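Going by the working numbering, the first residue of the sequence shown is number 39, and it counts up by one from there. Ideal Cβ positions, reconstructed from N, Cα and C, are used throughout, including at glycine. In this text, all values refer to a predicted model and were calculated from it rather than measured experimentally. Everything on this sheet refers to the single structure shown next.
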Amino acid sequence: MTFLSSLHILSMAFGLVLAVHVTGKDFRSWTGRWCSILIVCFSIWNGGMAFKHHPLSTAELQPILSSVNAIGWIFAPGAGLCFVLAFTGREWIFRTKWFWAIFVALPGMLLYQQFTGNIVVRHELQPFGWYGVFGDTLWAYLFLLYEMVCIASLLVISCQYAKRPHSGPRKTQARIVFISLLLSAIPITINTTLSIVFGATSVPELESIFMLIFCCGIVYAMSRYRFLDLTPSLAAESIVSNMPSGLMLLDQDGVLAIANEQAMDMLGMRQGEMVGRHISQFLHEDQMVEGLRNDIVHGSNFRNREINLRTRGGDSLPVSMSRSVIKDDNGDVTGIVCLATDLTYAKEKEMLLRESEEKYRDLVENINEVVYSLDEKGSLTYINPRIRTLMGYHPEELLGRDFNRLVHPADLEEVAKRFRDVLAGYAWSHEFRVLDKTGEVRWVYSSNRPARKNDVIMGVQGTLMDVTGRRKSEEEKLRLETDLRRSQKMEAVGTLAGGIAHNFNNILYPIMGYAEMALEDVPEDSPVREELEGILTATHRAKELVKQILAFSHVAKESLHPQDPRPIMDDVITFIKGVLPSTIRIETHLEDNAGFVIGDRAQLHQMVLNLCTNAYQAMASRGGVLELRLERFQPSPREVIPGLPPDSGPYMRFSVIDTGEGMPQEVMDRIFDPYFTTKPVGEGTGMGLAVTHAMVEKHGGVIQVFSQPGKGARFDILLPAAPASRQEVKAPESHEKVLGNGERILLVDDESAVRKVTRRALERLGYDVMEAPDGLTAWGVFQQDPNGVDLILTDLTMPGLTGEVLAQRIRKERQDMPIILISGYSESDGDGGEDADQSSSWVRMMKPLEQNQLARIVRQSLDRTRSV
Numbered sequence: 039m040t041f042l043s044s045l046h047i048l049s050m051a052f053g054l055v056l057a058v059h060v061t062g063k064d065f066r067s068w069t070g071r072w073c074s075i076l077i078v079c080f081s082i083w084n085g086g087m088a089f090k091h092h093p094l095s096t097a098e099l100q101p102i103l104s105s106v107n108a109i110g111w112i113f114a115p116g117a118g119l120c121f122v123l124a125f126t127g128r129e130w131i132f133r134t135k136w137f138w139a140i141f142v143a144l145p146g147m148l149l150y151q152q153f154t155g156n157i158v159v160r161h162e163l164q165p166f167g168w169y170g171v172f173g174d175t176l177w178a179y180l181f182l183l184y185e186m187v188c189i190a191s192l193l194v195i196s197c198q199y200a201k202r203p204h205s206g207p208r209k210t211q212a213r214i215v216f217i218s219l220l221l222s223a224i225p226i227t228i229n230t231t232l233s234i235v236f237g238a239t240s241v242p243e244l245e246s247i248f249m250l251i252f253c254c255g256i257v258y259a260m261s262r263y264r265f266l267d268l269t270p271s272l273a274a275e276s277i278v279s280n281m282p283s284g285l286m287l288l289d290q291d292g293v294l295a296i297a298n299e300q301a302m303d304m305l306g307m308r309q310g311e312m313v314g315r316h317i318s319q320f321l322h323e324d325q326m327v328e329g330l331r332n333d334i335v336h337g338s339n340f341r342n343r344e345i346n347l348r349t350r351g352g353d354s355l356p357v358s359m360s361r362s363v364i365k366d367d368n369g370d371v372t373g374i375v376c377l378a379t380d381l382t383y384a385k386e387k388e389m390l391l392r393e394s395e396e397k398y399r400d401l402v403e404n405i406n407e408v409v410y411s412l413d414e415k416g417s418l419t420y421i422n423p424r425i426r427t428l429m430g431y432h433p434e435e436l437l438g439r440d441f442n443r444l445v446h447p448a449d450l451e452e453v454a455k456r457f458r459d460v461l462a463g464y465a466w467s468h469e470f471r472v473l474d475k476t477g478e479v480r481w482v483y484s485s486n487r488p489a490r491k492n493d494v495i496m497g498v499q500g501t502l503m504d505v506t507g508r509r510k511s512e513e514e515k516l517r518l519e520t521d522l523r524r525s526q527k528m529e530a531v532g533t534l535a536g537g538i539a540h541n542f543n544n545i546l547y548p549i550m551g552y553a554e555m556a557l558e559d560v561p562e563d564s565p566v567r568e569e570l571e572g573i574l575t576a577t578h579r580a581k582e583l584v585k586q587i588l589a590f591s592h593v594a595k596e597s598l599h600p601q602d603p604r605p606i607m608d609d610v611i612t613f614i615k616g617v618l619p620s621t622i623r624i625e626t627h628l629e630d631n632a633g634f635v636i637g638d639r640a641q642l643h644q645m646v647l648n649l650c651t652n653a654y655q656a657m658a659s660r661g662g663v664l665e666l667r668l669e670r671f672q673p674s675p676r677e678v679i680p681g682l683p684p685d686s687g688p689y690m691r692f693s694v695i696d697t698g699e700g701m702p703q704e705v706m707d708r709i710f711d712p713y714f715t716t717k718p719v720g721e722g723t724g725m726g727l728a729v730t731h732a733m734v735e736k737h738g739g740v741i742q743v744f745s746q747p748g749k750g751a752r753f754d755i756l757l758p759a760a761p762a763s764r765q766e767v768k769a770p771e772s773h774e775k776v777l778g779n780g781e782r783i784l785l786v787d788d789e790s791a792v793r794k795v796t797r798r799a800l801e802r803l804g805y806d807v808m809e810a811p812d813g814l815t816a817w818g819v820f821q822q823d824p825n826g827v828d829l830i831l832t833d834l835t836m837p838g839l840t841g842e843v844l845a846q847r848i849r850k851e852r853q854d855m856p857i858i859l860i861s862g863y864s865e866s867d868g869d870g871g872e873d874a875d876q877s878s879s880w881v882r883m884m885k886p887l888e889q890n891q892l893a894r895i896v897r898q899s900l901d902r903t904r905s906v
C-alpha cells in the first residue's frame, strides 16, 4: 500500500468517525446536519482516492472508482456552502424552492454527466497511481464554475460572520470555522483549476491533507469551544444574541456592561463605544433625562415604558423599555437589565393607521349618503353628520335610539322584516319612507348588509340616500302619462262624437226649419200649433245635447266670459229640488260675494248638474245628504294640486258632496273614462262625468275626487276666478225677422234636405237663391257671373272642394263678397291649404240655425259689405 492510499484511508476513517459523532451530538440543527453531510462527502472522496492509488488497481476499475469518488467531490462544494449558511443563521434559505434547484438538482445532473464520461474523460497511470483527466467539455467547465461559486460564497459569508462582534465562545468558533474552510477550500480549488483549465496533473495529497485539517479544526472547535454543544449558558447566549429586542446590562450605578447586537444596531454603535458609558448618555435630550435616569437606576421595575434613546448621530429613537434588577443570593442588587424594543416601525404604522382613519372618517362624514350602523336590537350605534341634511337631526340625538322610530308607520312592518333578514345573513336594498324632524315625509333608498366580527353577525351596516325628488318626478311622470292616455282616449272619443254631431245637426236642421215655417203658416188658434211648438222644443233640447257632445269633443266654440257663479248654483239647486226624492236632503253652503268665474254659463250649469246627478244615483237606494258648496279658494304656496301650475290662483271651487256608497281606488282611476259605469246595463251611459271632465279642462280648471268605500264621495271643480269689474251683461236678442230686398244668394251644401229647407227659408225672407250641391259646382256657377251673386252661404265640410277653400277662391276674385260658413262640425278653421282672409264679412256659424238667427246674420253680412 502506497503512502497516498494510506493517507486517504486514514482521512476517510477519521471523517466517518467525526461524522458519526456530530450526528449523535446535534443532528436536529441545520448546522449539525450539514456539518455531518460535508464530512461524509470528504470521506467518500477519500475512500475513492485510496483505491484509485492502490497498486493493485487496474484500468478496468478506474471508471467505477471515479464514479464513486465523484459523489464526494461533486456534492462537497454545495454541502460546504450549506454548512456555512446554517452556521451563520441563514436557515430560511433551506425553505426556498431555488435551494433545491442549486444544491440538489444541479449536482445530481453533474453526477449523471460524470457517470456518462462527460467530465472525467480518461484515466492515466502516474507514479503515484491512476489519475483522472478532466475533459475540455462544457460540463467540466460548468462543474468548475459551480465549485468556484460555492467556495467563494462560503468564504465571503464566513469571513463577514467572523468579523461581526461576537461575545464568548461564538467569536472563537467563527474564526476556527473560517480558517478551517479557508485552508481546505483554496488547495482544492487550485488542484481542480490546474486539472481542467491548464491540463496539469494535480497533487492529490494536498487535497486530502487540507481536508484532514478542516476535520481537525471542527474537532478542536467542538472540544475546546463547545461547538454544537447545547449547554444552558450557550443557549442563553444564543437567545440574547438572536432576540429581536435590544438588551443592555447595567451595573448597580447605571453604567453599561453588556449590550447585545440588536441594541448596537438600534443605536448605530459598536460594543466598545457603548460599554463603560452611563445610561443617561443614551437618553435623548427631548425628554426629562434626569427623571428617567433616576427611574432606570434607582426606581422600581417597569414594563413597556415609552422613551426616546439617542442614536450615534444624535437622532431620537422611540423605544418601548422594560426595566428589571438582578440580585445575588443575599438579595443585593448586582445589576440592571434594560430591554428596549424599537418603536419606529410601530410609530410609522400608527401614523399610517391614523391617517387612514382620518381619511375614512372624512370620507364617511362628507359622503352624500347617510351612513349608519345598528346593533342586533336595531339601535343606532353610529350615524354620520349627513343625517342633518336629510332629516334635520344631529347625530348625537339619534345614537342609542331605535332606527324604526324614524320609519314611516306605513312602511314599518316591511322594514322590520327586512332588518331580521339582514341579521340572518342576507343583504338588502329597498326604498321606503322616513319622517324627518319636522314630521315631513321623505323617500330614501337604503342598502344594508350584516356587520360581522370574527364571522359572528353583530348588527347591521347601511346607507340612506334621499330619493324624494326622483319619487316625486316618477309620480308626476305617472300622472302625466295617465293624463296623456286619458287625453288620447278623450280625443279619440271626441272625434267620433264630433262626427256624430255633424250628421245629427244635418238631420236636426231641416226639422227645426220646417217646424218654424209651419208655425208661421198656421193660425194662432190652430190645434196643430201646440204639436209644432212641441217639435221645436224637442229640437232645441236636441240642439243643446249636440252642444254638449261638441264640448266633449273639443269642437264647440264656447263663449268664456266672467260669470257670477251664485245664480248658476241657485238655478241648479232649484232644478234638483224638483226631481230628488224626499230621502235625499239638500244642504248648501254658498259663499256670498265670492266673485266671478271665467266660463260659459251653460256649460257651468251643466258641470254642476252632472255632478249632482251622479251624487243622486250614488244615494238612490238608501238616501242621504247632498251638499253643495261654493267658495273662493287660494292654494297655499306649499300645496301642489295636480293639473294646476304652482303659485297660481285664485280659483272658484264648486263642491258636490254625497253620503253614498263611495268608491275604491280602482274605480276612481277610471271614473272619467268615456262609457265607463258601475251601474247595471241600461241604467247608465258612462258619459256624464266624462263630459264634465272635458268641460272643466276646456275652462282651464281641474276636477278632484275624494272617496273611500262606505264613506261617500266629494267632487271639487276648480276654475280660474275673475275680478267683478270684468262682468259682462248681454242685451237680449231681438226675435223680429229681418227681410231681404231680392239679393241673390248662392247656397252650397252637400245635404239636399239642408239645401231645401234653407232655400225655402231664404225665399220666404225675400231673397233670390241659387243652389249648388258641392264646392266645385258652386265655383263653376260663380265663375259664369261673378258680379251676379250678392252673398255666399256655404257648408264648411263637403267632399271635394271644402267650403273654406271655395271661400278663399271666391275672395281672390271678389274681395268684397260676403261669405257665411255654416257647419255641424269641423276639426279645424284652417283646413284646405289656401290663405283665409279674416275680414269683417266672413262669418262662421254652427248648425242648426233658427229662422230669426239666419235672417239677422244674412242681413247683417249684406249691410256690412255695402257700408264698406
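Sequence-distant residues of its chain with Cβ nearer than 6 angstroms to residue i (five each side left out)
i: G572; result: none
i: I657; result: According to the sequence provided, residue 657 is Met. The question's Ile does not apply to it. Within the same chain, M657 has close Cβ partners I622, D696 and G698.
i: P680; result: R517
i: V566; result: V560
i: D267; result: A caution first: D267 carries a pLDDT of 47, below 50, which makes its placement in the model unreliable, though a value can still be read off. Nothing meets the Cβ criterion.
i: D449; result: F470 and R471
7 angstroms CB neighbourhood of residue i in its chain, flanking five on each side removed
i: L288; result: L294, A295, I317, G373, I374 and C376
i: P688; result: R670, F671, Q672 and A759
i: H793; result: Per the sequence presented here, residue 793 reads as Arg, with His not at that position. Around R793: L785, D787 and E809.
i: R782; result: D806, M808, G826, V827 and D828
Residues of its chain near residue i, where Cβ-Cβ distance is below 8 angstroms and the 5 sequence neighbours each way are ignored
i: G780; result: G804, Y805 and D806
i: D459; result: W466
i: L647; result: V610, F613 and I614
i: R315; result: V293 and L294
i: L321; result: V327, L330, R331, I345, N346, L347 and R348
Closest by C-alpha distance to residue i, when choosing among the options
i: Q703; options: F457, N339 and A751; result: A751
i: E129; options: L355, S81 and W72; result: W72
i: I140; options: G116, A553, Y654 and R399; result: G116
i: I364; options: M286, L618 and T612; result: M286
i: G862; options: F542, Q898 and G633; result: F542
i: A200; options: Y184, V187 and L220; result: L220
i: I624; options: H643, A653 and G536; result: A653
i: S745; options: H737, G738 and D754; result: D754
i: D493; options: A462, G306 and D353; result: A462
i: E529; options: P356, H731, N631 and M304; result: H731
i: F125; options: M307, H59 and L192; result: L192
i: V106; options: L123, G86, F113 and A114; result: G86
i: V335; options: R350, T175, T382 and V371; result: V371
i: G616; options: C650, D303 and V743; result: C650
Closer than 7 angstroms: residue i CB and nearest the ligand NAP heavy atom
i: S564; result: Of ligands this structure carries none, so the ligand NAP is not represented either.
Cβ separation of residue i and residue j, assumed to be a contact under 8 angstroms, to the nearest whole Å
i: Q82; j: I109; result: The displayed chain sequence assigns Ile, not Gln, to residue 82. About 5 angstroms separates the two Cβ atoms, so the contact holds.
i: H578; j: I606; result: Wrong, their Cβ atoms sit about 20 angstroms apart, outside the cutoff.
i: M503; j: V472; result: The Cβ separation is near 12 angstroms, so there is no contact.
Quiz item: Between the stretch 838-845 and the stretch 807-826, do three or more beta carbon pairs fall short of 8 angstroms?
Solution: Taking 8 angstroms as the limit for Cβ pairs, the verdict is that the stretch 807-826 does touch the stretch 838-845.
Quiz item: Is it a yes or a no for the stretch 488-499 touching the stretch 411-428, going by three-plus beta-carbon pairs under 8 angstroms?
Solution: Output reads yes: the stretch 411-428 touches the stretch 488-499.
Quiz item: Taking the runs of the beta strand (DSSP E) that are 3 residues or longer, which of them lie wholly in the stretch 877-905?
Solution: For the stretch 877-905, the continuous beta strand (DSSP E) assignments of 3+ residues that do not extend past its boundaries occur at 880-884, in sequence order.
Quiz item: Fully enclosed by the stretch 435-506, which beta strand (DSSP E) runs are 3 residues long or longer?
Solution: Runs of the beta strand (DSSP E) lying entirely within the stretch 435-506 and spanning at least 3 residues, in chain order: 466-473, 479-491 and 494-504.
Exercise. For the stretch 345-403, list the beta strand (DSSP E) runs that are entirely contained and at least 3 residues long, ordered along the chain.
Key: Runs of beta strand (DSSP E) with 3 or more residues, each lying fully within the stretch 345-403, are found at 354-365 and 371-380, listed in chain order.
Practice problem: Ignoring anything shorter than 3 residues or poking outside the stretch 664-698, list the beta strand (DSSP E) runs there in chain order. | Solution: Fully enclosed beta strand (DSSP E) runs of 3 or longer: 689-696.
Quiz prompt | Ranges of the beta strand (DSSP E) found wholly within the stretch 276-353, counting only runs of at least 3 | solution = Entirely contained in the stretch 276-353, the beta strand (DSSP E) runs reaching 3 residues are, in chain order, 284-288, 294-297 and 340-348.
Quiz item: Any chance the stretch 731-740 sits against the stretch 636-643, with 3 or more Cβ pairs inside 8 angstroms?
Solution: Cβ pair count under 8 angstroms is three or more, so yes.
Self-check item: Stretch-stretch touch, CB-based, cutoff 8 angstroms, three pairs: the stretch 848-858 with the stretch 509-528
Solution: No, because fewer than three Cβ pairs between the stretch 848-858 and the stretch 509-528 fall closer than 8 angstroms, the two stretches do not touch.
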